[in-house]
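Have a look at the structure below before the remarks.
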Amino acid sequence: MKKKREAAVHSLKTARGQIDGILKMIEDDRYCIDISNQIISAQSLLKKANLTILKNHLNSCIKNSFKDDEYEKIEEMSKIIERVIGK
7 MKKKREAAVH SLKTARGQID GILKMIEDDR YCIDISNQII SAQSLLKKAN
57 LTILKNHLNS CIKNSFKDDE YEKIEEMSKI IERVIGK
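Going by our numbering, the sequence shown opens with residue 7, and the numbers climb by one from there.
What follows is the structure in structure tokens.
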């Protein structure tokens, strides 16, 4: 689990660096398509981090909730999946 957390943190820190770079690109009046490509790249890293976190949630929190007969976590997961897919 620690490796997964470190992977998520790494993706988020890399995205943060990219966002700082994007802001500088805008301030430097760089080519719009180049800026857009960097935004897409940062979004990809954020999605990757989110997927890692959600997989970890499935394998820990939700798994444990079944042992305790607590099923509200399934509804939480359903709601977040709807948000992720844009419903």
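Even glycine gets a Cβ: it sits at the ideal position worked out from N, Cα and C.
From a predicted model like this one, the values you see are computed outputs, not experimental measurements.
(1) In the DSSP assignment, find the alpha helix (DSSP H) that holds S84 and state where it starts and stops.
(2) Would you mind giving the Cβ-Cβ distance between T58 and A14, rounded to the nearest angstrom? I have them listed as a contact below 8 Å.
(3) Whole angstroms is fine: what's the gap from G27's alpha carbon to E88's?
(4) Indicate whether A48 and Q24 have their beta-carbon atoms separated by less than 7 Å.
(5) Rounded to whole angstroms, what is the Cα-Cα separation between K85 and C67?
(6) Rounded to the nearest angstrom, what separates F72 and R36 at their Cα positions?
The short version:
(1) What you label residue 84 is simply residue 78 of the sequence shown in a count that begins at 1. Run containing S84: 78–91, per the alpha helix (DSSP H) assignment.
(2) In the sequence shown, the residue the question calls residue 58 occupies position 52. In the sequence shown, the residue the question calls residue 14 occupies position 8. With a Cβ gap of about 4 Å, T58 and A14 count as contacting.
(3) What you label residue 27 is simply residue 21 of the sequence shown in a count that begins at 1. What you label residue 88 is simply residue 82 of the sequence shown in a count that begins at 1. Rounded to the nearest angstrom, the two C-alpha atoms are 31 Å apart.
(4) What you label residue 48 is simply residue 42 of the sequence shown in a count that begins at 1. What you label residue 24 is simply residue 18 of the sequence shown in a count that begins at 1. Cβ distance < 7 Å, so A48 and Q24 count as in contact.
(5) For the purposes of this step, residue 85 is taken as the residue at position 79 of the sequence shown. For the purposes of this step, residue 67 is taken as the residue at position 61 of the sequence shown. Roughly 15 Å separates the two Cα atoms.
(6) Translated into positions along the sequence shown, residue 72 becomes position 66. Translated into positions along the sequence shown, residue 36 becomes position 30. Those two C-alpha atoms are separated by around 52 Å.
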